[in-house]
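Numbering-wise, the sequence shown is residues 1 to 298 according to the working numbering. Glycine included, C-beta positions come from ideal geometry on N, C-alpha and C. In what follows, a single structure is set out as structure tokens and then discussed.
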Amino acid sequence: MKSLPITIDSVSKAYGSYVALDDVSLDIQAGEFLTLLGPSGSGKTTLLMALAGFVRPDSGKLLLGDRDITRLAPNKRDIGIVFQNYALFPHMNVLANVAYPLALRKTPRAEARQRALATLARVKLDGLAERNIAALSGGQRQRVALARAIVFEPRVMLMDEPLSALDKNLRESMQYEIRRLHDDLGITTIYVTHDQREALIMSDRIAVMNSGRIQQIDTPQRIYDRPSTRFVAEFMGEANIVAPGSVRRVDGAEASGETLMIRAESFHLDAKLVGADAVALEGILRAKAFRGENWLLT
């Protein structure tokens with residue numbers, strides 16, 4: 001299975017006065033796992049649906065490899081899609097759901113059955129081929145949707161918040177499972193989520209979106225440790241922002257005029273420190289919240 005790169009070139013989309021995508025450009029490497037991360041209304045799902053062919057951009061181009069797919073019908077794009085609600089067919093059993101893309105492509109029935117069974121084994125659903133969709137758990141349905149999206153060996157995989165309906169433990173387990181599947185297959189994958197932790201765990205790179213624009217694109221660690229804007233800093237986690245000029249200059253130190261961000265977990269309180277290692281800060285504790293592995297103090 002040969003994956004292809006994706007080029008998003010100056011894509012814009014508006015609905016009346018509402019601008020969903022504002023001159024978005026992005027290059028995605030072949031075989032990369034890239035996450036579109038942002039709050040509701042940021043444009044991430046609109047961009048994904050434009051790549052899928054369900055939303056037509058007002059301007060700009062979408063390229064799959066060297067092929068312009070901007071105006072191409074969805075079924076001609078050779079793209080696998082996992083929808084947020086999975087979109088499984090309730091009147092078909094598991095095997096029929098997974099084999100459906102092959103039937104559309106006129107694959108011989110015996111070959112389609114063999115490939116569908118092999119794909120079910122890949123997503124660890126051996127033995128459930130004849131089961132009714134209604135009899136499956138949420139996690140099993142998610143795996144069926146994954147199997148259906150990869151059975152025809154697409155060049156690109158699009159995933160629209162596929163784990164949002166699962167409970168916390170199952171969601172975290174499936175994060176690693178999806179990443180393992182990606183690494184095994186090497187399919188170029190674009191994943192949409194509003195969950196920061198999910199994006200950090202799964203991605204090669206993250207594109208943080210807000211108000212129809214990409215605010216920053218980088219590796220998970222750099223996005224978290226070195227955000228380029230205040231929005232990215234605060235969206236990715238608890239952040240203490242120190243504006244230029246709000247800290248008094250220390251004799252002998254140069255004032256750079258940069259904005260300083262300190263993550264909440266970077267603070268460590270220790271009453272035992274004395275001497276040169278001791279730093280005393282005055283403040284008012286307004287609220288505290290126990291979060292299991294730590295306390296959040298405000």
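With a threshold of 16 other beta carbon atoms within 10 Å, N97 meets it and is buried. From the listed residues R226, K124 and T107, the smallest Cα separation to Q140 is found for K124. In the three-state DSSP reduction, Q215 falls in the strand class (E or B).
Three or more Cβ pairs drawn from the segment 145-165 and the segment 84-102 lie within less than 8 Å of each other, which places the two stretches in contact.
Here the segment 205-218 makes contact with the segment 32-46; the two share three or more CB pairs at distances below 8 Å. Straight through space, the alpha carbons of L72 and A112 are spaced by roughly 26 Å.
Bridge partners of F235 according to DSSP: none are assigned. For the set R56, L181, L47 and R77, the Cα lying nearest the Cα of L64 is the one of R77.
For N132, there is no enclosing beta strand (DSSP E), as DSSP marks it with neither H nor E.
In terms of Cβ geometry, E130 and L102 do not form a close pair [threshold 9 Å]. Annotation for L117: L95 and A129 place their beta carbon closer than 8 Å to its own, counting only its chain and skipping 5 residues before and after. Boundaries cannot be given for K76, as no alpha helix (DSSP H) includes it and DSSP labels it neither H nor E. Runs of the alpha helix (DSSP H) spanning 4 or more residues and lying entirely within the segment 19-52 occur at 44-52, in chain order. Here M157 has I79, G80, I81, V82, A149, I150, H182, I187, T188, T189 and I190 as same chain residues with Cβ atoms under 8 Å from its own Cβ, once five neighbours each way along the sequence are excluded.
Put simply, the segment 167-184 does not touch the segment 13-23. Fewer than three CB pairs are less than 8 Å apart.
Between P227 and M261, the C-beta gap is smaller than 9 Å, which places the two residues in contact. By alpha-carbon distance to K2, the top candidate from I8, F235, I217 and E32 is E32.
Taking a 10 Å sphere around the C-beta of R155, we find 16 or more other C-beta atoms and assign the residue as buried. E153 has its alpha-carbon roughly 13 Å from the corresponding atom of T107. Within the segment 117-167, the complete beta strand (DSSP E) segments at least 3 residues long are 156-160, listed from N- to C-terminus.
Taking the Cα positions, A134 is about 20 Å away from A121. When C-alpha distances from L21 are compared across L4, T46, D27 and Q29, the shortest belongs to T46. The beta strand (DSSP E) runs of length 3 or more contained entirely in the segment 174-200 are, from start to end of the chain, 188-193. Taking a C-beta distance under 9 Å as the contact criterion, R230 and I217 do not qualify as a contact pair.
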